Amino acid sequence: MLPESELITLPAAKGHLALPARCLVRWQASTRARRVSMRICPKHGAVVVILPPGKGRRAGLALLREHGDWVMERLAALAPAVPFEADATVLLGGAPHRIRHDPAALGGAFLDGHSIIVAGDPAFLRRRVGDFMRAEARRRIRSLIGPHAAALGVKPRALRLKDTRSRWGSCAPDGTLAFSWRLVMAPEWVLDYVVAHEVAHLKELNHSARFWAHVSRLTPNRDDAVEWLRQEGPALLRVG
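Reminder that position 106 of the sequence shown reads as 105 in numbering that gives the first Met the number 0, one-by-one numbering, no gaps.
As structure tokens, then:
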């Protein structure tokens with residue numbers, strides 16, 4: 000039976016003065032895949048190997064060893080992981096905020112200037128910071144949806160927060176808007192663009208010229224926001 004994930008040792012490339020390297024591999028069987036392939040997962044700092052029907056772990060290992068240098072270079076280029084723990088610094092609205100644990104404080108987790116104060120038992124700190132970030136994301140996203148929806152004369156059915164790997168936002172045919180909670184860490188103008196993009200889909204559920212005209216009407220930040228997410232977005236997946 001194929002394991003969900005495991006640590007794999009990749010041999011050093013021939014002629015390189017390097018030791019064998021270990022990497023976390025997540026195996027993913029796919030009935031839709033036509034060939035063995037792989038991608039880097041920034042969130043988990045792992046390489047995901049996709050196996051089509053009829054191909055197993057041996058075929059995946061062969062691909063990993065063939066492209067071991069590529070795998071290790073991409074993993075090494077990932078931003079450092081930033082766990083939710085006391086004294087860690089995380090972004091909120093594009094600005095650094097320090098996580099501070101105050102066992103005597105009340106209220107779970109809350110903002111105090113550029114600090115996120117976390118109350119109570121340290122065993123619950125990680126969960127409370129995560130709950131705070133999601134609640135703050137919902138509040139900020141909701142405040143942006145209202146004006147944009149009013150400008151286009153549309154109304155979303157619901158707002159959902161997710162922790163997606165490849166999509167910062169989405170709009171379902173039934174009018175439900177979904178966003179990655181991690182956008183709360185991005186600058187407000189980046190968040191504004193993503194919200195405007197998805198609200199515009201309530202008017203045009205496509206990427207036609209009319210759709211982009213709606214986006215331009217709602218926000219001037221499209222190009223800069225797309226570039227920011229391309230450059231900085233992978234680091235957001237390493238937080239928490």
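Cβ coordinates follow ideal geometry from the N, Cα and C atoms, glycine included. If you're wondering where the values come from, they're calculated on a predicted model, not measured in any experiment.
Residue i - DSSP class collapsed to helix/strand/coil
i: Ser207; result: coil
i: Leu325; result: The structure shown does not extend to residue 325, since the chain is modelled only from 0 to 239, so the question has no answer here.
i: Val35; result: coil
i: Ser165; result: coil
i: Ala80; result: coil
i: Leu236; result: coil
i: Ala58; result: helix
Range covered by the beta strand (DSSP E) that runs through residue i
i: Asp101; result: 94-101
i: Asp86; result: Counting along the chain, Asp86 falls outside any beta strand (DSSP E), and DSSP gives it neither H nor E.
i: Ser117; result: Before going further, note that residue 117 is Val rather than Ser in the sequence given. Run containing Val117: 114-118, per the beta strand (DSSP E) assignment.
Range of the contiguous alpha helix (DSSP H) that encloses residue i
i: Arg25; result: Counting along the chain, Arg25 falls outside any alpha helix (DSSP H), though it belongs to the beta strand (DSSP E) covering 20-28.
i: Val194; result: 187-200
i: Glu3; result: From DSSP, Glu3 is part of no alpha helix (DSSP H); its letter is neither H nor E.
i: Phe131; result: 124-151
i: Ala108; result: First-last for Ala108: 108-111, but that is the beta strand (DSSP E), not the alpha helix (DSSP H).
Separation of residue j from residue i, as counted between CA atoms
i: Leu143; j: Pro219; result: 14 angstroms
i: Trp26; j: Trp167; result: 24 angstroms
i: Ala149; j: Glu135; result: 22 angstroms
i: Ala28; j: Ala78; result: 27 angstroms
i: Leu201; j: Arg237; result: 31 angstroms
i: Gly55; j: Thr30; result: 13 angstroms
i: Ile140; j: Gly93; result: 15 angstroms
i: Ala177; j: Val225; result: 18 angstroms
| query | Can at least three beta-carbon pairs, one atom from the region 65-81 and one from the region 35-42, be found at a separation below 8 angstroms? | reply | yes
| field | Three CB pairs or more closer than 8 angstroms across the region 112-123 and the region 150-162 | value | no
| request: Could you tell me whether the region 167-179 touches the region 208-216, where touching means 3 or more Cβ pairs closer than 8 angstroms? | output: no
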